[in-house]
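Novice: Respectively, the protein sequence lines represent chains Y and U. Per our numbering, the very first residue in the first sequence carries number 3; after that it's consecutive. Per our numbering, the very first residue in the second sequence carries number 399; after that it's consecutive.
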Amino acid sequence: MTLGSWLALFVALIAAAETARALRQRGLKHERWRRFFRNRTTSWGLSILVFLVTIAIAAPLVAPLDPIVQPDPVHLKNLSPSWTFILGTDVFSRDVWSRIVYGARVSLGIGALGALVAVSLGTVVGAVAGYYGRRVDAVLMRGVDVGLALPRIFILLMAVALWDGLPFVTLALAIGLTSWFGTSRLVRAEVLSLQQRDFVVAARALGAGDGRVIFRHVLPNAAAPIIVSAALGIGNVLLLEASLSFLGIGVAPPRPSWGNMIADGASSLYTAPWTTLFPGLAISLVVMSLNAVADGLRDALDPREEAM
Amino acid sequence: MTAVGGMWLVRRLVASVAIIVAVVTFVFILIHAAPGKPCAGQPGEAADPVVCEQLIRQFALDRPLYEQYWRYLVALAHGDFGYSFSLHRPVRDALAETIPFTLQLAGAALLLDFVLGLGLGIYQAGRVNRLPDVIIGNATLFIYSLPTFWLALLLLLVFGEKLGWFPVGGPNDPIFCPVIDSAYCLFDRLWHLVLPAATLGLVGAAGTARFQRAAMLEVASQDYVRTARAKGVPERRVVLRHQLRNALLSFITRFGLAFPFLLTGAVLIETIFAWPGMGRLAFDAILARDYALVTATALIASVVVVAGNLLADILLGIADPRLRVRGGGELENVTA
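#1: In its own chain, which residues sit with a C-beta less than 8 Å from the C-beta of Ile418 of chain U, not counting the 5 before and 5 after it?
#2: So Tyr622 of chain U is in the alpha helix (DSSP H); what residue range does that whole segment cover?
#3: Check this for me: beta carbons of Arg187 of chain Y and Val126 of chain Y, under 8 Å apart or not?
#4: Can you give me the C-alpha to C-alpha distance between Ala174 of chain Y and Ile112 of chain Y, rounded to a whole angstrom?
#5: Leu493 of chain U and Met676 of chain U - do their beta-carbons sit closer together than 8 Å?
#6: Would you say Met310 of chain Y reaches chain U, if we count a Cβ-Cβ gap shorter than 8 Å as a contact?
#7: Give the straight-line distance between the Cα atoms of Leu660 of chain U and Gly6 of chain Y, rounded to the nearest whole angstrom.
#8: If you follow the alpha helix (DSSP H) that Ser286 of chain Y is part of, which residue opens it and which one closes it?
#9: With C-beta atoms as the reference, is Leu598 of chain U less than 8 Å away from Ala710 of chain U?
#10: So which of U:Phe483, U:Leu539 and U:Gly404 has the shortest CA-CA distance to Gly298 of chain Y?
#11: According to DSSP, is Arg487 of chain U part of a helix, a strand, or is it coil?
#12: Run the CB neighbour count on Arg154 of chain Y, radius 10 Å, all protein chains shown included, and call it buried at 16 or more, exposed below.
#13: Output needed for Glu728 of chain U: all residues of its chain with C-beta closer than 6 Å, excluding positions within five of it in sequence on either side, in chain order.
#14: Should Phe201 of chain Y be labelled buried (16 or more other beta-carbon atoms within 10 Å of its own) or exposed?
#15: Can you tell me whether DSSP reads Asp147 of chain Y as helix, strand or coil?
#16: Spatial neighbours of Leu593 of chain U within its chain, please: C-beta separation below 6 Å, excluding the five flanking residues on both sides.
#17: Tell me which residues of the region 175 to 205 of chain Y have at least one Cβ-Cβ distance to chain U shorter than 7 Å, keeping chain order.
#18: Return yes when the Cβ of Thr546 of chain U is within less than 8 Å of the Cβ of Leu679 of chain U, no when it is not.
#19: Please specify which runs of the alpha helix (DSSP H), each continuous and at least 4 residues long, are wholly inside the region 488 to 570 of chain U, giving them in chain order.
#20: For chain U, check one thing: does any of its Cβ atoms lie closer than 8 Å to the Cβ of Trp165 of chain Y?
#21: Going by alpha carbons, who is nearest to Gly519 of chain U out of U:Val449, U:Pro498 and U:Gln641?
#22: Judging by CA-CA distance, which residue of Y:Leu283, Y:Phe12, Y:Pro227 and Y:Val141 is the nearest neighbour of Val64 of chain Y?
#23: Using a 10 Å radius around the Cβ and a threshold of 16 neighbouring Cβ atoms, would you call Gly481 of chain U buried or exposed?
#24: Between which two residues does the alpha helix (DSSP H) holding Leu9 of chain Y run?
#25: Between the beta-carbon of Leu551 of chain U and the beta-carbon of Leu152 of chain Y, is there less than 8 Å?
#26: Indicate whether at least one CB of chain Y lies closer than 8 Å to the CB of Thr668 of chain U.
#27: Hey, quick one: how far does the alpha helix (DSSP H) through Cys450 of chain U stretch, first residue to last?
#28: In this structure, does DSSP put Asp97 of chain Y in helix, strand or coil?
#29: Using the C-alpha atoms, what's the distance from Ala431 of chain U back to Phe156 of chain Y?
#30: Tell me the DSSP bridge mates of Tyr481 of chain U?
#31: According to DSSP, is Thr86 of chain Y helix, strand or coil?
#32: So Phe671 of chain U is in the alpha helix (DSSP H); what residue range does that whole segment cover?
#33: DSSP state of Thr91 of chain Y, grouped into three classes?
#34: Can you list, in chain order, the residues of its chain whose CB lies under 7 Å from that of Ser45 of chain Y, leaving out five sequence neighbours each side?
#35: Using a Cβ-Cβ distance cut-off of 8 Å, determine whether Arg687 of chain U contacts chain Y.
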């Protein structure tokens, strides 16, 4: 680690802690956000997420070494953590910390993109099915039934293994396209119950078009479950990407993703466990933080607590 | 079962078969649309082009897709899963050999998942926001977030390599117990099962505990629980008869959803622990572009998922009298 990267890391830590603190301070003024911050784990999760996103964006500053170049595969391979290589080096002599920092870009990027695709698609399909009902609903929901019965891991394995060398945006799309079925059911149920409500009937009576009713009146009121499933979705997509990369068919090396780092490390699990442990810890921390934030959001957006 | 319930069951069964056929069709199209020849072999392992042509002709892979599809469905209807050309044996034999291993793994994992998960969830719900609840809550949140394959490596490193308590892979001792023919060998199998099943079971149990805690608390705020307390029903009875019984209803739905999770986990866990189950078979089949084997494993997987849901709905119909009156109609309306 160079002095510069220590400094950048320090700044990122302070920035994350400060952001979470500032949000908490502001949030405590509102009843809803007080519920969000009620649980200590949620604040921790938020800080961890901000921290990881910060270092992913500022990767060149925080990472002391190049994540791909192999400096000396003979003498510098599988070194245990030290002041020079803070998390050790991997089997190809690359700095594990630098790879985790750059891997954050790939893993978080795929997680966010995949979840965005899944949640948008699920929301649109669910809303259309719930709103139009009858035949549209029947067709779409039978499709969703099939989608839920698809062995998703097999489908993804097939898609990724058979068309090898997919760029990682396509990988994120593939994961997103197989992950929206649950969300669409959730949104459909929500839309069905909202549709009978007076304000929706009133909007329609006033002559609002279908699109306007769906997007301006129905969906904003169904936002709570959508937001929660988005938070959980990022974690799920990230886990799927890691699993695929671990099996050797996700993000193609040498570009680091946390999943393929574990795959690289697994071959020297007993002699250099740090190459496996740290990327896995990174995945666990992100997913845990996202789950904690989702728990907080669920509390904050729960309409039943609103009434209390 | 009433006539209404019988009709409902028939309808659900027909729908389930339709879903499975749709899944098979989808997988069939997907794998045939993929680039590359079926007998290209593993990467880096060149197949003899003459043999390859012969295989393609022998299995009618040069015919139009619709004809292949029709042949496949007809064969399937006769219980014929086709022939695996990566393993050089009928798919049915390969499945028959690997499925028991996956069942053992999934069964053990499911047991740990439910026993530990339900126990912890119920225990936590009785001590909401007190120290034990907070500690277990954070622990389950963390374990629930672990990638299963990473936890597998972790357990392998600690309990397999460092402590040497459990074997690091394989389903049994290859020298003394190639087949299970004695009590010792049965023990040997269980001993080999500990790490893979614990990996899957622990992650599952953490999820179940979180779910069950929430379900118990949801029920705790219902009027009938307050009424029971108000009329002086002993606390133990309130928890067991009023709270738990109702919370278990939503647990049944979760039970149906546990199968896809186990299936996904099986692919990774079986690969790591060299467990010769269906997950690993499917993964190898995909890498080898073994059409018949891939489609068959996907078929089995979707049958498991659909059957899990159906089983959960049937159990729910039995457990929840409100559904019996309605003839077990739309379940979502009640749970939503």
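Ideal Cβ placement from N, Cα and C applies to all residues, glycine included. Quantities reported herein were computed from a predicted structural model and do not represent experimental measurements.
Specialist: A quick look at the data gives this:
#1: Leu697, Ser700, Val701 and Val704
#2: Asp621 to Ala628
#3: no
#4: 5 Å
#5: yes
#6: Caution is warranted here: a pLDDT of 45 is assigned to Met310 of chain Y, below 50, making its placement in the model unreliable, and the coordinate value is therefore given only provisionally. No, because no Cβ of chain U sits closer than 8 Å to the Cβ of Met310 of chain Y.
#7: 46 Å
#8: Trp276 to Leu303
#9: no
#10: U:Leu539
#11: strand
#12: buried
#13: Confidence at Glu728 of chain U is low in this model, with a pLDDT of 45, below 50, so the placement of that residue is unreliable and no value is reported for it.
#14: exposed
#15: helix
#16: Leu553 and Phe564
#17: Ala191
#18: no
#19: 489 to 523, 529 to 542 and 546 to 553
#20: yes
#21: U:Gln641
#22: Y:Phe12
#23: Note that residue 481 of chain U corresponds to Tyr in the displayed sequence, not to Gly. It counts as buried.
#24: Leu5 to Gly29
#25: no
#26: First, the residue type needs correcting, since residue 668 of chain U is Glu and not Thr in the sequence shown. No, because no Cβ of chain Y sits closer than 8 Å to the Cβ of Glu668 of chain U.
#27: Pro447 to Gln456
#28: strand
#29: 15 Å
#30: U:Pro488
#31: coil
#32: Per DSSP, Phe671 of chain U belongs to no alpha helix (DSSP H) and is neither H nor E.
#33: strand
#34: Ala22, Arg26 and Phe39
#35: yes
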